[in-house]
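*Asks:* Heads up, the sequence shown is in the numbering used here, so the first residue is 24 and it goes up one at a time.
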Amino acid sequence: MKEKGLKDKLNWIPLVIMMVFFAGTWTIPMFYHVTERYNSLIIFGCLAALFFINVDWVERLKKRDTVLLATAAALIIAAANLFIIGSNKGCILIIADFLLLLYISPCVKLTSVQYRTLAVFFLLMYGVWFVHDMEFSYNTNTGATYTVFSLFAALILLRSFSVRREIMGYFIVLALLRTGTLVMWHLARGAFSALFFFSCFYMLFLIFDPARYKKAYALLSCFAVFGSLLFVWAYVSLSKTGYNARMPLFYKNVFSGREEIWTEVWNMLKQQPLLGIGSGYELSSFFEYNMHNAMYDILIVHGFVVFAIAAYVIISRLLVMRDHIRRGPYSLIAGAAVFAIFFESFIDMDLMWADYTPVLLFLMITLYGGADRVLAAQDEEDGREGGNAAGHARPEISGG
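(1) Strictly under 8 angstroms for the Cβ-Cβ distance: is I388 near chain D by that measure?
(2) Using the rule of at least 16 other Cβ atoms within 10 Å of the residue's Cβ for burial, across every protein chain shown, is F385 buried or exposed?
(3) Count Cβ pairs between the region 230-242 and the region 368-379 that sit closer than 8 angstroms; are there 3 or more?
(4) Could you tell me the alpha carbon to alpha carbon distance between A257 and M207, rounded to whole angstroms?
(5) Answer yes or no: do I370 and G358 have a C-beta to C-beta separation smaller than 8 angstroms?
(6) List the DSSP bridge partners of N77.
(7) Hey, could you find the ends of the alpha helix (DSSP H) M148 is sitting in?
(8) Under a Cβ-count criterion, where at least 16 other Cβ atoms within 10 Å of its own Cβ denotes burial, should G299 be classed as buried or exposed?
(9) CA-CA distance, Y225 and A360?
(10) Can you look up I420 in the DSSP assignment and give me helix, strand or coil?
(11) With distance defined between alpha-carbon atoms, name the residue in A363, A333 and R340 nearest to I118.
(12) Just curious, the alpha helix (DSSP H) that E221 is in, first and last residue?
(13) Between the Cα of A211 and the Cα atoms of L199, V171, A198 and L227, which residue gives the shortest distance?
(14) Check whether the region 335-355 and the region 121-131 touch, using three or more Cβ-Cβ pairs below 8 angstroms as the test.
(15) Less than 6 angstroms between C-beta atoms, sequence neighbours within five positions excluded: which residues of the same chain meet that for M375?
(16) Under the three-state reduction of DSSP, which class applies to N164: helix, strand or coil?
(17) Give me the Cα-Cα distance between R396 and I388, rounded to the nearest whole angstrom.
(18) Does the region 84-92 come close enough to the region 33-46 that 3 or more CB-CB pairs lie under 8 angstroms?
(19) Quick one: what does DSSP say R235 is sitting in, helix, strand or coil?
(20) Round the Cβ separation of V277 and N267 to the nearest angstrom and send it over; I've been treating them as touching at under 8 angstroms.
(21) Evaluate V43 with the Cβ neighbour count: other Cβ atoms within 10 Å of its Cβ, from every protein chain shown; 16 or more gives buried, anything less gives exposed.
(22) In the DSSP assignment, find the unbroken alpha helix (DSSP H) run with P352 in it and report its ends.
(23) Would you say A96 and N164 are within 8 angstroms of each other, going by their C-beta atoms?
(24) Quick one: Cα of F231 to Cα of S354, how far?
(25) Let's test the definition: count the other Cβ atoms within 10 Å of the Cβ of Q137 and tell me whether it reaches 16, buried, or not, exposed.
(26) Cutting at 7 angstroms between CB atoms, please list the residues of its own chain near V255, excluding the five before and the five after it.
(27) Can you list, in chain order, the residues of its chain whose CB lies under 7 angstroms from that of S244, leaving out five sequence neighbours each side?
(28) Could you spell out where the alpha helix (DSSP H) holding G392 opens and where it closes?
(29) For H209, count neighbouring Cβ atoms within 10 angstroms of its own Cβ and tell me buried if that reaches 16, exposed if not.
(30) Taking R201 as part of the alpha helix (DSSP H), name the residues at either end of that continuous run.
(31) Just list the beta strand (DSSP E) runs in the region 50-104, keeping only unbroken ones of 3 residues or longer that don't cross its boundaries, in chain order.
(32) Please work out which residues of its chain come closer than 8 angstroms, Cβ to Cβ, to V15, disregarding the five sequence neighbours upstream and downstream, and give them in chain order.
(33) For R345, does the three-state DSSP call read helix, strand or coil?
(34) Under the three-state reduction of DSSP, which class applies to L38: helix, strand or coil?
Put into structure tokens, the structure is as follows:
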């Protein structure tokens, strides 16, 4: 009991650091521009702290935890590859943050106060941008994506409010409308796709319980990883036909540069497919070294071996999510949001960008039972009180 109490107290340290980092990044543009080059390191420190606080890694190694062993192998091989090819070493933090996040998510058990604090925090962070559009202080695409991602986190508490008082559901509708119009105003294709996929996956998981349709869910999980690479191949192949068109609702053509980036780095990877090409190169096709595709980034930067191991870790964690998505209304929101971020990252790097990691961590913790242990219990208690006052019981909360 004392050990658990100590863990609970220690968890506050990385959680508070992440909240300060996230709040500073998305409310103070100068903070964002100063810390941008250190964001992966800051998040790595927080995730590593959560790992050592919450995971008995020695015992898990003794029991040959295959996901932990695969995570360690991927990072060791990736680091070795970077030394062999003489690349910048800092890019190891990007994949390290992502794999650590996936691994620790089911292991972190927050107290009610900690979870509620995070839920309120993300609602406030969304509220700031809801009231005052600050996209032009950042990159408009980046700001729009932040607004959508923070909405996903804010929906957890907004949903809880609506369960207790149906009239509060108005704010969910208002938030979705405000976010949608803001995204369209800034013509942000990635943010729009995230919001679109969230709606699709929410309805899909509401109608089809992943725990019942296990094979279909397994295919979806694999497609979240390998479909990203398939998209790159299809996109580049179609671009070579000479076809192009103006996208409806947006200002860019269907083919506006990503095909050139993906072709250039692929030609580089063919020279050393097992080691990857590392990072820090000056691309002739784009002004910065940005893959605009999360899974493709892992493959290109770290090579086929690391990608294969990372794919195992990612799919393993997605499969664990299967029995949690329909546990309740909050896990349903979180599950739809996680898959939406995966699919949005077919055309961007947001799944692995450290500035969004606190949102993804919160969603994953929610998915693995955080909200069900905290908010759902309170909802049920409030429902009993409301039912007694009205002379009848409120309906039980379910995932669909």
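All C-beta atoms, glycine included, are put in the ideal place defined by N, C-alpha and C.
*Replies:* Put simply:
(1) Absent from the structure is chain D; it holds one protein chain and no more.
(2) For the purposes of this step, residue 385 is taken as the residue at position 362 of the sequence shown. Looking at its Cβ environment, which holds 16 or more other Cβ atoms inside 10 Å, F385 is buried.
(3) no
(4) One-based indexing of the sequence shown puts residue 257 at position 234. One-based indexing of the sequence shown puts residue 207 at position 184. The alpha-carbon atoms of A257 and M207 are separated by roughly 26 angstroms.
(5) Walking along the sequence shown from the start, residue 370 turns up at place 347. Walking along the sequence shown from the start, residue 358 turns up at place 335. No, Cβ-Cβ distance for I370 and G358 is not below 8 angstroms.
(6) Numbered from its first residue, the sequence shown carries residue 77 at position 54. DSSP lists no partner for N77.
(7) Numbered from 1 along the sequence shown, position 125 holds the residue referred to as residue 148. Note, M148: alpha helix (DSSP H), S135 to V154.
(8) Position 276 of the sequence shown, counted from the start, is the residue given in the question as residue 299. G299 is buried by the Cβ-count criterion.
(9) On the sequence shown, position 202 is the one that residue 225 refers to. On the sequence shown, position 337 is the one that residue 360 refers to. Going from the Cα of Y225 to the Cα of A360 covers about 8 angstroms.
(10) Mapped onto the sequence shown, residue 420 falls at position 397. Below a pLDDT of 50, predicted positions are generally treated as unreliable, and I420, at 34, falls in that range; no measurement from the model is reported.
(11) Counting from one through the sequence shown, the residue named residue 118 turns up at place 95. Ranking the options by Cα distance to I118, first place goes to A333.
(12) Locating residue 221 in the sequence shown gives position 198, counting from the first residue. Looking at the sequence provided, one finds Phe at residue 221 rather than Glu. Per DSSP, F221 belongs to the alpha helix (DSSP H) from R212 to I230.
(13) Taking the sequence shown and counting its residues from 1, the one referred to as residue 211 is at position 188. If we check each option's Cα against that of A211, V171 comes out closest.
(14) yes
(15) For this step, residue 375 is matched to residue 352 along the sequence shown. I117, F121 and A317.
(16) Counted from its first residue, the sequence shown places residue 164 at position 141. Three-state result, N164: helix.
(17) On the sequence shown, residue 396 is found 373 positions in, with the first residue counted as 1. On the sequence shown, residue 388 is found 365 positions in, with the first residue counted as 1. Just so you know, the alpha carbons of R396 and I388 end up roughly 11 angstroms apart.
(18) No, because fewer than three Cβ pairs between the region 33-46 and the region 84-92 fall closer than 8 angstroms, the two stretches do not touch.
(19) Taking the sequence shown and counting its residues from 1, the one referred to as residue 235 is at position 212. Looking at R235 - three-state DSSP - the assignment turns out to be coil, as it is neither helix nor strand.
(20) Counting from 1 along the sequence shown, the entry for residue 277 is found at position 254. Counting from 1 along the sequence shown, the entry for residue 267 is found at position 244. Their Cβ separation, rounded to whole angstroms, is 6 angstroms, which keeps V277 and N267 in contact under 8 angstroms.
(21) Within the sequence shown, numbered from 1, the residue matching residue 43 stands at position 20. Classification for V43: exposed.
(22) The sequence position of residue 352 within the sequence shown is 329, counting from 1. Counting along the chain, the alpha helix (DSSP H) containing P352 begins and ends at P352 to E367.
(23) Taking the first residue of the sequence shown as position 1, residue 96 is located at position 73. Taking the first residue of the sequence shown as position 1, residue 164 is located at position 141. Their beta carbons are not under 8 angstroms apart, which means A96 does not touch N164 by this criterion.
(24) As a first step, residue 231 must be located in the sequence shown, where it is residue number 208. As a first step, residue 354 must be located in the sequence shown, where it is residue number 331. In a straight line, the C-alpha of F231 is about 14 angstroms away from that of S354.
(25) As a first step, residue 137 must be located in the sequence shown, where it is residue number 114. Buried is the call here.
(26) Start at 1 with the first residue of the sequence shown, and residue 255 comes out as number 232. These residues qualify, in order along the chain: W285, N316 and Y319.
(27) If you number the sequence shown from 1, residue 244 lands on position 221. Around S244: I338, L341 and L342.
(28) Position 369 of the sequence shown holds residue 392. Unbroken run through G392: none, as it is neither H nor E.
(29) In the sequence shown, the residue the question calls residue 209 occupies position 186. Under this definition H209 is a buried residue.
(30) As a first step, residue 201 must be located in the sequence shown, where it is residue number 178. G192 to W208 is the extent of the alpha helix (DSSP H) around R201.
(31) none
(32) In the structure displayed, the chain extends from 24 to 423; residue 15 sits before or after that span and is not available.
(33) Locating residue 345 in the sequence shown gives position 322, where the first residue counts as 1. The three-state secondary structure of R345, taken from DSSP, is coil.
(34) Here residue 38 refers to the residue found at position 15 when the sequence shown is read from its first residue. Helix.
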